[in-house]
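If you're matching positions, the sequence shown starts at 233 in the working numbering and goes up one per residue. The C-beta atom is built at its ideal place from N, Cα and C for all residues, glycine as well.
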Amino acid sequence: MNNQILELKGISKSFSDASGSCKVLADIAFSIAENEIVCLMGPSGCGKSTILRIINGLESADSGIVKSKGSENSVNIKSTMVFQDHNLFPWLSVFDNIAYGMRLKKRYVSEEKVKEMVSSLLSLVHLEVFSGSKPYAISGGMRQRVAVARALAIEPDILLMDEPFNALDTFTRRELQNEVIRIREEMKTTFLIVTHNPDEAVYLADKIVILSTSPATINEIISVPLKYPRDTSDPDYVMFVQKITSLIKATGTNGRS
233 MNNQILELKG ISKSFSDASG SCKVLADIAF SIAENEIVCL MGPSGCGKST
283 ILRIINGLES ADSGIVKSKG SENSVNIKST MVFQDHNLFP WLSVFDNIAY
333 GMRLKKRYVS EEKVKEMVSS LLSLVHLEVF SGSKPYAISG GMRQRVAVAR
383 ALAIEPDILL MDEPFNALDT FTRRELQNEV IRIREEMKTT FLIVTHNPDE
433 AVYLADKIVI LSTSPATINE IISVPLKYPR DTSDPDYVMF VQKITSLIKA
483 TGTNGRS
């Protein structure tokens, strides 16, 4: 792997409601290297999505720092998120959905640059012929490809994905997992992916971060040294899936997101 792009140090977070305060994260610490795929796992409701939101600047930590590119300042890292729900604009074409974020910055990005980048991304995710289609006219898997392309259009340092393939059928899920691996190779993109699926984590990740129940701490960080493309029938692959499954089961299922 290349240089470290992101480090979380001592991240803690609580939320308050009518019943009082609930601590969700407690002293979370892990790092991500440039061009690495990291999967974040743990019991439902343990705060995985909250970690993504803190990195993305949508939430602030109560304590701790997000250190990026050698600076203790998360604004130095450009991140964007892809959710389980693609959140595409239904009235815009595939092309215009991908271009949307770039056009918001029209003061800095020319329309010629927008067209060049979007055309390149359409080719990257194999959707050139659907450029003029509206989201309702394409499949769920295609819509997620559009969402990924839209996120990549702003050229993020790290792409944050919150269970992006959870609603898809098994075949489409695997197809898009392969797209993530290919995009990482072609664009040198760094990924942090929340998933509940041990097979998905082992198929994709260089490293898997496993959280405890809420308030979440780091239970274990596991490197996956298997070569890409990964063979799901390989005994080492099966062993890793079984190991991750056992670790997740051992953490329990209580918590709060």
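Which of helix, strand or coil DSSP assigns to residue i
i, result
"LYS301", "coil"
"ASN189", "The structure shown has nothing for residue 189, since the chain only spans 233 to 489."
"ASP259", "strand"
"ILE309", "coil"
"GLY487", "Note on GLY487: pLDDT 37, under 50, position unreliable in the model; the coordinate value appears next. It is coil, neither helix nor strand."
"ASN329", "helix"
"ASN493", "Only positions 233 to 489 of the chain appear in the structure, and residue 493 is not among them; the question remains open."
"ASP389", "coil"
"THR402", "helix"
"ILE370", "coil"
"ALA383", "helix"
"THR422", "strand"
"PHE315", "strand"
Per-residue burial, residue i [other beta carbons within 10 Å of its own, 16 or more giving buried]
i, result
"GLN474", "exposed"
"GLU411", "buried"
"ILE237", "buried"
"ASN329", "buried"
"MET471", "exposed"
"THR485", "Reliability of the predicted coordinates at THR485 is poor, the pLDDT of 43 falling under 50, and the value obtained from them is presented with this limitation in mind. Under this definition THR485 is an exposed residue."
"GLY252", "exposed"
"ILE476", "buried"
"ARG335", "exposed"
"LYS345", "exposed"
"GLY279", "buried"
"ASP438", "buried"
"SER281", "buried"
"PRO447", "buried"
"ALA293", "buried"
Beta carbon of residue i nearer than 8 Å to that of residue j
i, j, result
"LYS366", "PRO430", "no"
"SER363", "VAL326", "yes"
"VAL441", "TYR469", "no"
"GLY333", "ILE287", "no"
"GLY283", "LEU257", "Checking the sequence shown, residue 283 turns out to be Ile, not Gly. Cβ distance < 8 Å, so ILE283 and LEU257 count as in contact."
"SER311", "PRO396", "no"
"ILE495", "LEU436", "Nothing about residue 495 can be read from this structure; the chain reaches only from 233 to 489."
"LEU359", "MET374", "yes"
"ALA381", "VAL357", "yes"
"ALA379", "LEU324", "no"
"ALA369", "VAL350", "no"
"PRO235", "GLN316", "For the record, residue 235 in the displayed sequence is Asn; it is not Pro. No, the pair does not count as a contact, with Cβ atoms beyond the cut-off."
"LEU443", "GLY289", "no"
Of the residues the options, the one placed nearest residue i, counting alpha carbons only
i, options, result
"ILE450", "PHE262, MET334, LEU391", "PHE262"
"SER371", "GLU417, LYS345, HIS318", "HIS318"
"SER276", "LYS347, ARG405, LEU320, HIS428", "HIS428"
"ILE243", "ILE260, VAL256, SER251, LYS255", "ILE260"
"LYS241", "GLY274, LYS280, THR282, SER300", "SER300"
"THR445", "LYS255, PHE247, LYS310, THR421", "LYS255"
"ILE454", "LEU400, THR464, ILE480", "ILE480"
"GLU291", "LEU443, GLY274, ALA379, SER246", "SER246"
"GLU452", "ASN398, GLN316, ALA482, ALA265", "ALA482"
"ILE265", "ASP249, GLU239, GLY274, GLY289", "Ile is not the amino acid found at residue 265; the sequence shown has Ala there. Ranking ASP249, GLU239, GLY274, GLY289 by Cα distance to ALA265 puts GLU239 first."
"ARG462", "PRO447, SER478, GLU432, ALA448", "GLU432"
"SER352", "MET419, ASP466, LEU443", "MET419"
"ILE309", "THR464, PRO457, SER478, THR421", "THR421"
"ARG377", "GLN409, ALA293, LYS337", "GLN409"
Within-8 Å CB hit, residue i to chain B
i, result
"ASN398", "Although the question refers to chain B, the structure presented lacks it and comprises just one protein chain."
Residue i Cβ short of 7 Å to the ligand HEM heavy atom set
i, result
"ILE370", "No copy of the ligand HEM appears in this structure; indeed no ligand is present at all."
Margin query: Taking contact to mean 3 or more Cβ pairs, one atom from each stretch, closer than 8 Å, check whether the stretch 382-392 and the stretch 400-408 are in contact.
Written below: Under the three-pair Cβ rule at 8 Å, the stretch 382-392 does not count as touching the stretch 400-408.
Notebook entry, point to check: Three or more beta-carbon pairs under 8 Å between the stretch 267-276 and the stretch 417-425, yes or no?
Noted result: Yes, since at least three Cβ pairs between the stretch 267-276 and the stretch 417-425 fall closer than 8 Å, the two stretches touch.
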